[in-house]
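Colleague: One structure is given below, represented as structure tokens, and several questions about it will come after.
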Amino acid sequence: MADKRWYSLRVISGKEKKIKERIDLDVERSGWSDIVTQVVVPTEKVYKIRGGKKVITERNILPGYLLVEADAENFSGEIIQAISGMTNVINFLGGTNPIPMRQSEANRMLGKVDESNVTQEVMIEPFLEGETVKIIDGPFNDFVGDVIEVNEEKRKLKVVVKIFGRGTEVELNFVQVEKQQ
């Protein structure tokens, strides 16, 4: 059983996916797939409300970094130089002699990636008390109100809306409101 370790690779921010594809292709072409076993862009799923619809996108957890899993014994010279020499790649953490990440760090980064795929999405723009929101769903559709309480765990808001000139408190889910522009 080979000793597989994770290495941190610095790259130009915004080019992570392209570089990952290029490394995967190079590893395949050069027959290094038994040495470099995985290349991961650490992302998490997040959602925003756009036009009243819940839109799920991926957000990079570590902009400017890729995680490379490799066989620690055979991960050396030619392979490291080939990857480091690619366009938009800055270097491995540790330069020409890459330092493996502690297993706990790698697990934390990868765990966050796995968690967001399984458990829940993260709200990318949190609501704040005192903020004005527009209700986009339910009986108060199209009303505008002020947030007076935010409950992140239950994903609910208390909003005061004016009905016939009087403030009325309503409880809404995050997906029922959108931020006022």
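Just so we're aligned: 72 in numbering that gives the first Met the number 0 is position 73 of the sequence shown, and the numbers increase by one with no gaps anywhere.
Note that beta-carbon positions come from the ideal geometry of N, C-alpha and C, so glycine has one too.
1. Looking only at DSSP bridge pairs, what is ASP213 linked to?
2. Measure from the alpha carbon of VAL146 to the alpha carbon of each residue in GLY129, LYS53, VAL88 and ILE134, then state which is nearest.
3. Just to confirm, are VAL132 and PHE126 a CB contact at a threshold of 8 Å?
4. On the CB-based measure, 16 or more other CB atoms within 10 Å of its CB, does SER7 come out buried or exposed?
5. Could you give the distance in angstroms between the alpha-carbon of ASP23 and the alpha-carbon of LYS157?
6. Determine the burial state of LYS19: buried for a count of at least 16 other Cβ atoms within 10 Å of its Cβ, exposed for fewer.
7. Pull up the distance between the alpha-carbon of ALA71 and that of ASP2, whole angstroms please.
8. Could you pull out every unbroken beta strand (DSSP E) segment of at least 3 residues lying fully inside the stretch 42–91, listed in chain order?
9. Where do the ends of the beta strand (DSSP E) carrying GLU177 lie?
10. To which residues of the same chain is VAL88 closer than 7 Å at the C-beta, ignoring the five residues directly before and after it?
11. Please state whether DSSP places LYS17 in a helix, a strand or coil.
12. Decide if LEU65 is buried, meaning its Cβ has at least 16 other Cβ atoms within 10 Å, or exposed.
13. Hey, would you say VAL40 sits closer than 8 Å to LYS16, going by beta carbons?
14. By the 10 Å Cβ neighbour count, where 16 or more other Cβ atoms means buried, how is LEU92 classified, buried or exposed?
15. Within 10 angstroms of the Cβ of ASN116, are there 16 or more other Cβ atoms? Answer buried if so, exposed if not.
16. Using CA coordinates, which residue listed in GLY164, GLY137, GLU148 and PHE163 is at the minimum distance from GLN175?
17. The ligand COA heavy atoms versus the CB of ALA105: any closer than 7 Å?
18. Take the Cβ of GLU104 as the centre, count every other Cβ of all protein chains shown within 10 Å, and call the residue buried at 16 or more, exposed below.
19. Could you tell me whether the Cβ atoms of THR36 and GLU57 are closer together than 8 Å?
Modeller: In brief:
1. Past the boundaries of the shown model lies residue 213; the chain is included only from 0 to 180, so the question cannot be answered.
2. The residue you call residue 146 lines up with position 147 of the sequence shown. Closest option to VAL146, Cα to Cα, is GLY129.
3. Locating residue 132 in the sequence shown gives position 133, counting from the first residue. Locating residue 126 in the sequence shown gives position 127, counting from the first residue. For VAL132 and PHE126, yes; Cβs fall inside 8 Å.
4. Start at 1 with the first residue of the sequence shown, and residue 7 comes out as number 8. If you draw a 10 Å sphere on the C-beta of SER7, you find 16 or more other C-beta atoms in it, and that means buried.
5. Along the sequence shown, one-based indexing puts residue 23 at 24. Along the sequence shown, one-based indexing puts residue 157 at 158. Their Cα atoms are separated by approximately 48 Å.
6. The count along the sequence shown starts at 1 and reaches residue 19 at position 20. Around the beta-carbon of LYS19, 16 or more other beta-carbon atoms lie within 10 Å, marking it buried.
7. Counting from 1 along the sequence shown, the entry for residue 71 is found at position 72. Counting from 1 along the sequence shown, the entry for residue 2 is found at position 3. About 6 Å.
8. Runs of the beta strand (DSSP E) inside the stretch 42–91: 42–49, 52–59, 64–70 and 88–91.
9. Counting from 1 along the sequence shown, the entry for residue 177 is found at position 178. Run containing GLU177: 176–178, per the beta strand (DSSP E) assignment.
10. On the sequence shown, position 89 is the one that residue 88 refers to. Here the set comprises LEU8, VAL10, ILE18 and ILE82.
11. In the sequence shown, the residue the question calls residue 17 occupies position 18. DSSP places LYS17 in helix when its eight states are reduced to three.
12. Residue mapping note: residue 65 aligns to position 66 of the sequence shown, counting from 1. By the 10 Å Cβ count, LEU65 comes out buried.
13. Locating residue 40 in the sequence shown gives position 41, counting from the first residue. Locating residue 16 in the sequence shown gives position 17, counting from the first residue. Going by C-beta atoms, VAL40 is nearer than 8 Å to LYS16.
14. For the purposes of this step, residue 92 is identified with residue 93 of the sequence shown, where counting begins at 1. LEU92 comes out exposed.
15. Indexing the sequence shown from 1 puts residue 116 at position 117. Confidence in ASN116 is poor, its pLDDT being 47 and thus under 50, which makes the residue's placement unreliable; the coordinate value appears in the next sentence. So ASN116 ends up on the exposed side.
16. Here residue 175 is taken as the residue at index 176 of the sequence shown, counted from 1. Nearest option by C-alpha distance: GLY137.
17. Ligands displayed in this structure: none; no statement on the ligand COA is therefore possible.
18. Within the sequence shown, numbered from 1, the residue matching residue 104 stands at position 105. That one is exposed.
19. Counting from 1 along the sequence shown, the entry for residue 36 is found at position 37. Counting from 1 along the sequence shown, the entry for residue 57 is found at position 58. No, the pair does not count as a contact, with Cβ atoms beyond the cut-off.
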